[in-house]
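As structure tokens, the structure follows; a few thoughts come after it.
Numbering (our numbering), first residue to last: 966 to 1558.
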């Protein structure tokens, strides 16, 4: 009997519990559905939308009704949008709150009530005071108010250079790191420091504002990313932003192509920076180039006699370098597969890499040495045609112009960008033998067999000075950095310094021993270097311009000096010669470096 009573009580208790729960839930729903009675509002002034109404809507409704998220097409962020309404028509009827859809919904006198309870942003129902303010605003005509008309905010994406980092995370194995940059999330490979992914939410790219995308490609969230966390295995990343958290999964088994690169081992592979080409070395010592888009082989590069151990594309995607156990490095033209250059190395090369600017090539060699080479230049391009041999040539310091001397006394200026002549300077009565630009590329000095030196204004093409007074043809010329002096070397070996504002020349001390083949002035304007002869040997003379005296005679070249140039700090001088060597000298003591 006791057991029966206990069972009955338990049964009754369960039924009663569920009944109470049901009644409690029903009571909550009824309470939520009850219409709110507006309070009487006395502000002593007209209700202002921006000051009084918008803060209420922002707290209760704007989370789901804004320019980015507008449920049922309703945006409540400004008066114009409120009056326009959404899919159910205008949301406010001015001066008649009882006919205004917005008022009916927020007063909970009509379903679905706003805001719905419960909701994910934890917004609560309007209070009688809040409802009274909105009712009074509608009664007064639903006006824009003092702040709405003159304070329009044109929201724009963050400038690309301003992406503050508010959050970072790293995987447990230390391989990958994530950083929240503004509203974007970047994934980095820690050992290499390379960016491997930019997390993009495709749905953000569909949001339009004034007919244009509101978020740029690569956006992860609408707002700043404030928190990041990897799971223990590192294949899931959680990102937190304003009122939302997103989960991102690292893809696995994403093989895209299966390339038949070799019948045996593939010692090296490389992908071009623009992701258009894949290079793979083969067991037969050839290199195969594949089109990344479809995986089709475009060409095979043959030439190595040993295992091709390393591959890398140049930063501009135009060239491919390969290293081999045959003790060579080869540079290939990607467009047609032509061999552009070959570098022979004393030992087998196990790997090769370009510098970031493509100017140098580093090689890891089997003799435990790492060697760095200057990258061979691209094939020469014919940029201007001359009717006869060119006696002198010079590139402007700003690398925009090429000056070509001609045997008939004319000088042609060529635009290096287009390869086309842009101006011709005429005035010399004999062949132009030497050319030199000013440091600012604004002037050009020319020496001629007509025994004159002319200084030309590049912009106008006019000769601004003509220097005469030598008995011999001019073999070399240089312009002082101050633009007021010029130096020349004559056929009789005499070195002369000219002032452009006082044409009387001044001969510098010491014979050059032979016609000066080339001349240059140091950047600080204190020294003049010329190519000459001493005791039958080729030398580089360095003269002090102020005194005219020879301070150094640098011997070592075995053929005429053809090029001279000071370093920017005036400490070194580099010389080029017809003996096919270039030498670097210490200006202070004349030592060859």
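Quick reminder that beta carbons are idealized off the backbone N, C-alpha and C, glycines included.
Here the structure is a predicted model, which is why all the values come from computation and not from measurement.
query: Bridge partners - residue 1561, DSSP secondary structure assignment; result: Only positions 966 to 1558 of the chain appear in this structure, which leaves residue 1561 out of reach.
query: Three or more C-beta pairs below 8 Å linking the segment 1360-1376 and the segment 1385-1393; result: yes
query: Residue range of the unbroken beta strand (DSSP E) whose run includes residue 1309; result: 1304-1309
query: Cα-Cα separation between residue 1272 and residue 1323, rounded to whole angstroms; result: 24 Å
query: For residue 1234 and residue 1558, the rounded distance between their alpha carbons; result: 40 Å
query: Backbone CA spacing between residue 1204 and residue 1147 [nearest angstrom]; result: 12 Å
query: Per DSSP, the bridge partner or partners of residue 1035; result: 1030
query: Residue 1408 versus 1002, 1020, 1424 and 1212, residue with shortest Cα-Cα distance; result: 1424
query: Supposed contact pair residue 1162 and residue 1172 - C-beta distance, whole angstroms, cut 8 Å; result: Rounded, the Cβ-Cβ distance is 22 Å, inconsistent with contact.
query: Exposed unless 16 or more other CB atoms sit within 10 angstroms - verdict on residue 1097; result: buried
query: Check whether residue 1134 and residue 1193 have beta carbons under 8 Å apart; result: yes
query: Host alpha helix (DSSP H) of residue 1046 (start-end); result: 1044-1049
query: Given residue 908 as reference, the closest of 1087, 1060, 1039 and 1486 once Cα atoms are compared; result: One cannot answer for residue 908 here, as it falls past the ends of the chain, which runs 966 to 1558.
query: Burial state of residue 1358 (16 or more Cβ within 10 Å); result: exposed
query: Endpoints, beta strand (DSSP E) assigned at residue 1380; result: 1376-1380
query: Residue range of the unbroken beta strand (DSSP E) whose run includes residue 1386; result: 1385-1390
query: Member of 1145, 1138, 1139 and 1140 whose CA lies at the smallest distance from the CA of residue 1129; result: 1145
query: Beta carbon of residue 1398 nearer than 8 Å to that of residue 1384; result: no
query: Environment of residue 1321 [buried if 16+ CB atoms lie within 10 Å]; result: exposed
query: Residue 1087 (DSSP reduced to helix, strand or coil); result: coil
query: Runs of beta strand (DSSP E) wholly within the segment 1165-1201 (minimum 3 residues, chain order); result: 1192-1195
query: Option in 1366, 1401, 1374 and 1206 with minimal Cα separation from residue 1388; result: 1366
query: Residue burial classification, residue 1296 (beta-carbon count within 10 angstroms, cutoff 16); result: buried
query: Distance, residue 1095 Cα to residue 1036 Cα; result: 22 Å
query: For residue 1471, three-class secondary structure by DSSP; result: Low local confidence applies: a pLDDT of 49 at residue 1471 is under 50, so the model's placement there is unreliable, with the coordinate-based value given in what follows. Looking at residue 1471 - three-state DSSP - the assignment turns out to be strand.
query: Spatial distance of residue 1017 from residue 1101 (CA atoms); result: 11 Å
query: Alpha-carbon to alpha-carbon, residue 1549 and residue 1196; result: 58 Å
query: Per-residue DSSP class, three states only, for residue 1149; result: strand
query: Counterpart residues of residue 1209 in DSSP-defined beta bridges; result: 1206
query: Straight-line Cα distance separating residue 1149 from residue 1312; result: 47 Å
query: Counted within 10 angstroms of its Cβ, other Cβ atoms place residue 1326 as buried (16 or more) or exposed; result: buried
query: Which of helix, strand or coil DSSP assigns to residue 1012; result: coil
query: Local conformation of residue 1319 per DSSP, three classes; result: strand
query: Of the listed residues 1502, 1500, 1501 and 1517, nearest to residue 1493 (C-alpha basis); result: 1517
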